[in-house]
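Number of protein chains: 2
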Amino acid sequence: MIKKICLKDIAEKVGVSTALVSYVLNNKKEGRIKKSVAQRIREVAMELNYHTNQIAKSLKTSKTFTIGLIVADISNPFSSSLARIIEDEADKNNYTVIFGSSDESLLRSNKLVDTFLNRQVDGLIIAPGEDAASQIFSLRQQRIPFVLVDRYFPDIKTNYVALDNYKASCSAIQHLVNCGFKRIGMISLNTPLFNIQERKRGYIDALQNSGINFDKRRLIEIDYDNDKMETSVKNAINILLAPGHPIDALLFATNAIATHGLRHINALQIKVPESLALATFDKTDALDLFYAPITYINQPLQEMGRLATKILLEAIEGNTSITQLNLPAELVIRSSTVMDKKYLPAI
Amino acid sequence: MIKKICLKDIAEKVGVSTALVSYVLNNKKEGRIKKSVAQRIREVAMELNYHTNQIAKSLKTSKTFTIGLIVADISNPFSSSLARIIEDEADKNNYTVIFGSSDESLLRSNKLVDTFLNRQVDGLIIAPGEDAASQIFSLRQQRIPFVLVDRYFPDIKTNYVALDNYKASCSAIQHLVNCGFKRIGMISLNTPLFNIQERKRGYIDALQNSGINFDKRRLIEIDYDNDKMETSVKNAINILLAPGHPIDALLFATNAIATHGLRHINALQIKVPESLALATFDKTDALDLFYAPITYINQPLQEMGRLATKILLEAIEGNTSITQLNLPAELVIRSSTVMDKKYLPAI
DNA sequence: TTGACTTGTTTAATCGATTAAACAAAATTA
DNA sequence: TAATTTTGTTTAATCGATTAAACAAGTCAA
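Line by line, the protein sequences give chains Z and C. Heads up, the first sequence is in the numbering used here, so the first residue is -16 and it goes up one at a time. Heads up, the second sequence is in the numbering used here, so the first residue is -16 and it goes up one at a time.
Laid out in structure tokens, this is it:
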């Protein structure tokens, strides 16, 4: 690599001290510096194509203008959409984002946090895995500025921006009930993650509030393993549809479950919504391409990303108050849950 | 934030110099250091929960173990999948990834490169926009280690890892011809981007090699504008299907075009493949959920990410040779291009 | 004329590591 | 015993910025 230009090079060329160069380029001591000198310094900086060495600057100022983003998997559309929003929001404030995927593993997550802290990130945005409570607790104790997104631990007092999962789940089930479905199933995850538990609670409560008995055979919680998920979802659907008491409507608890589920239902050539109504958490492009576009619970990603970043930056600035947000979801109703197409919004 | 522990704290507690602590913690001067002292230093480091300040280390060693990734849009599944692979590959070598989305804008891209270079990234992986040639040229002149992915400029001698777009396109068209389709259309982008041009060239050549006249009315190149893309794609499809000489098969040049196109075709309730066969570049989850799963050109993303990272790290290590790879694509044939009753829509 | 400001700039310490070179004490060789 | 080597550790410069404090020279008021 070619030699880098530093403050000293400019200082020497102009014939002043590096201090003066620094003051000029940072617009400090405005009134005190002779205009002609300041201009000359700026000229030479331009001419030599000077660029600040942020590493040196960060060392001195102990501020890196970097935030660390830890998601389960950056290739998941939920995560990458969020990442994009956070990137834009950070950029507006001159922050850069470094990211890492934890794969829901505490080991990886710990490693990422360590790496990011070693790099002196100013703060963290984390979508924590189910076993990350201790880690989050430790971050809080160390007074590292951070915000949780999407998932959080109700017992630990931290900043978070998440969905009101309970209400979202209720509204989807309520809608299915209103549409006349009675044997409503759900495929969820076998995890203590609070947001997933809330979705379950909403499902059960909404059923019971509608006078429908909660039949626990209709709630299948599959194991949280990316590699086996396709098989697990297939099996779950087969069980739920088995002759005897087949379900007439199904709610998927996550976009990953939905993607596998829809693929299987497509292959089985089940008529949606006539034989089975479908609804899911999370929006993906895929939902539009099913022949009966899928009703879904739309998370306000833009708001989540924007607020998470905003709260983090405020924490970095020294704000020590705790902000906990459960944003409302929007139920987007489409033909996968509505028999009579004339009630659908025009595409 | 709580006071950070530094080398000096350990040195003072043990009663040695910071140099010795540094040697021990970096396993240097192995033979020379008294074992008892080394052990004591390690103990105290552990006890105080010491973590290296990478910023300080980077300043001294001028190595950040960071690579910058610039894609068009991290929320595009192609980009985020690639990002994930690069992340994993980088992680194996103890590198961290910082990322940014250029939105195909040279201005943003330049800003990102500047930001990343100011942060002293060791190298860059870039999916350049159509007007990025000058920027890429400048990076080359500055001897910054970098690798282009997905897109590249044939006239600039740089490292790149991309698809053999020409062959990929040919193989898709050849397949459509073999299946008996004769009026084959393509929706592509109006851009000088070489990879897109190659896809066009493959389309035209493959048609002509099959004895089919290239009818330029069947190739529609829409403008490259994310916001207007949905409308452009709809219009293009309407034109291609207009009574008179409707096409009987259609190739989408990118996943974004495909997503919009499939949505529209779904809404129009066109029978695929009976009335219209469909194939596309790039794989997405969405392709499986169309009632007739879509034939697609599968890019070897894993290989692309892996090789791009490998080549970059070698360049960072000082390797000055140039590697240019056009990887072969795989045509995944499914029911959207194959007439077969069992794939009829289940409506 | 002298002390007190202003203006414009430099000096030098500092951030937290790394590392060549210097140094001291112990061990070995001559 | 003196010279040399080995072992174990410290000193001090350095990376490239920032910034409080010092300094010099000019202006002004009393």
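No residue lacks a Cβ here, since even glycine has one placed at the ideal position from N, Cα and C.
Query raised in the report: So what does DSSP say about Gln307 of chain C, is it helix, strand or coil?
Result: strand
Report task. Grab me the residues of Phe61 of chain Z's own chain with a C-beta within less than 7 Å of its C-beta, minus the 5 sequence neighbours each way, in chain order. Result -> The answer, listed in chain order, is Asn238, Asp265.
Query raised in the report: Using 8 Å as the Cβ pair cut-off and three pairs as the minimum, do the region 145 to 160 of chain C and the region 257 to 272 of chain C touch?
Result: Judged by Cβ distances under 8 Å, the region 145 to 160 of chain C makes contact with the region 257 to 272 of chain C, as three or more pairs qualify.
Requested in this report: Just the chain Z side, please: which residues come within less than 7 Å of Tyr274 of chain C by C-beta, in chain order?
Outcome: Here the neighbours are Asn249, Tyr274.
Query raised in the report: With 16 other CB atoms within 10 Å as the buried threshold, where does Ser121 of chain C fall?
Result: exposed
Requested in this report: Give a yes or no on whether 9 Å exceeds the smallest Cβ distance from His34 of chain Z to chain C.
Outcome: yes
**Report entry** CB contact flag (Val4 of chain C, Ile(-12) of chain C, <9 Å)
**Finding:** no
Query raised in the report: Below 9 Å between beta carbons: does that hold for Ile230 of chain C and Arg201 of chain C?
Result: yes
Query - Buried versus exposed, by CB contacts within 10 Å (16 or more), Ser258 of chain C - result: exposed
Query raised in the report: Which residues does DSSP pair with Asn281 of chain C in a beta bridge?
Result: C:Glu313
Query raised in the report: What span of residues does the alpha helix (DSSP H) with Val160 of chain C cover, start to end?
Result: 148 to 161
Query - Counterpart residues of Ala333 of chain Z in DSSP-defined beta bridges - result: Only positions -16 to 330 of chain Z appear in the structure, and residue 333 of chain Z is not among them; the question remains open.
Query raised in the report: Counting Cβ pairs closer than 8 Å, one from the region 32 to 39 of chain Z and one from the region 34 to 48 of chain C, do we hit at least three?
Result: Taking one beta carbon from each stretch, the region 32 to 39 of chain Z and the region 34 to 48 of chain C have 3 or more pairs nearer than 8 Å; the two touch.
Query raised in the report: Does the distance from the C-beta atom of Asn59 of chain Z to that of Thr306 of chain Z stay below 9 Å?
Result: no
Requested in this report: Indicate whether the contact test is met: 3 or more Cβ pairs, each with one atom in the region 79 to 97 of chain Z and one in the region 39 to 56 of chain Z, closer than 8 Å.
Outcome: As far as the Cβ criterion goes, the region 79 to 97 of chain Z touches the region 39 to 56 of chain Z, which means the pair count is three or higher.
Query raised in the report: Hey, is the region 288 to 308 of chain C in contact with the region 70 to 79 of chain C, meaning 3+ C-beta pairs nearer than 8 Å?
Result: yes
Query raised in the report: From the DSSP output, which residues share a beta bridge with Val80 of chain Z?
Result: Z:Ile50, C:Phe82
Report task. Mark Thr174 of chain Z as exposed unless 16 or more other C-beta atoms lie within 10 angstroms of its C-beta, in which case mark it buried. Result -> buried
Query raised in the report: Using a beta-carbon distance below 9 Å, is Ser319 of chain Z in contact with chain C?
Result: For Ser319 of chain Z, the answer is no, since every Cβ of chain C falls outside 9 Å of its Cβ.
Query raised in the report: Is the Cβ of Ile38 of chain C closer than 9 Å to any Cβ of chain Z?
Result: yes
Query raised in the report: What residues in the region 104 to 134 of chain Z have a beta carbon less than 9 Å from any beta carbon of chain C?
Result: Gln124, Gln125, Arg126, Ile127, Pro128
**Report entry** Three-state secondary structure assigned by DSSP to Tyr326 of chain Z
**Finding:** Caution applies to Tyr326 of chain Z, whose pLDDT of 49 falls short of 50 and renders its modelled position unreliable; the value that the coordinates give is listed next. DSSP places Tyr326 of chain Z in the helix class (H, G or I) of the three-state scheme.
**Report entry** Residue-level contact to chain Z via CB, Ser92 of chain C, 9 Å cutoff
**Finding:** no
Requested in this report: Buried or exposed for Phe197 of chain Z, please, with buried defined as at least 16 other CB atoms from any protein chain shown within 10 angstroms of its CB.
Outcome: exposed
Requested in this report: Find out if the Cβ-Cβ distance for the pair Ala312 of chain Z, Ala151 of chain Z is shorter than 9 Å.
Outcome: Closer than 9 Å, so yes.
Query raised in the report: Can you list the residues of chain C that Gly83 of chain Z reaches, using a CB-CB cut of under 9 Å?
Result: The contacting residues are Glu70, Asp74, Thr79, Val80.
Requested in this report: For Ser63 of chain Z, return the contacting residues in chain C, with the cut-off set at a CB-CB distance below 7 Å.
Outcome: Ile57, Ser58, Ser63
Query raised in the report: So which of Z:Thr278, Z:Pro128, Z:Ala116, Z:Glu181 has the shortest CA-CA distance to Leu245 of chain Z?
Result: Closest option to Leu245 of chain Z, Cα to Cα, is Z:Thr278.
Requested in this report: Give me the Cβ distance between Ala232 of chain C and Leu159 of chain C, rounded to the nearest whole Å; I'm assuming they're in contact under 8 Å.
Outcome: 5 Å
Query raised in the report: The beta strand (DSSP E) with Val391 of chain Z in it runs from where to where?
Result: Nothing about residue 391 of chain Z can be reported from this structure: the residues present for chain Z run from -16 to 330 only.
Query raised in the report: Rounded to whole angstroms, how far is the Cβ of Lys165 of chain Z from the Cβ of Ile203 of chain Z, which I believe are closer than 8 Å?
Result: So it is not a contact: roughly 18 Å between Cβ atoms.
Report task. Leaving aside the five residues before and after Ile316 of chain C along the sequence, list all residues of the same chain whose C-beta is less than 6 Å from its C-beta, in chain order. Result -> Thr278
Report task. Enumerate in chain order the residues of its own chain whose CB-to-CB distance from Ile16 of chain Z is below 8 Å, with the five nearest sequence positions on each side excluded. Result -> Correct list, in chain order: Leu3, Tyr6, Val7.
Requested in this report: Taking Leu290 of chain Z as the reference, give the member of Z:Lys(-4), Z:Leu146, Z:Gln22, Z:Val20 with the closest Cα.
Outcome: Z:Leu146
Query raised in the report: In whole angstroms, what is the alpha-carbon distance linking Pro328 of chain C and His247 of chain Z?
Result: Low local confidence applies: a pLDDT of 39 at Pro328 of chain C is under 50, so the model's placement there is unreliable, with the coordinate-based value given in what follows. Straight-line measurement puts the Cα of His247 of chain Z at about 14 Å from the Cα of Pro328 of chain C.
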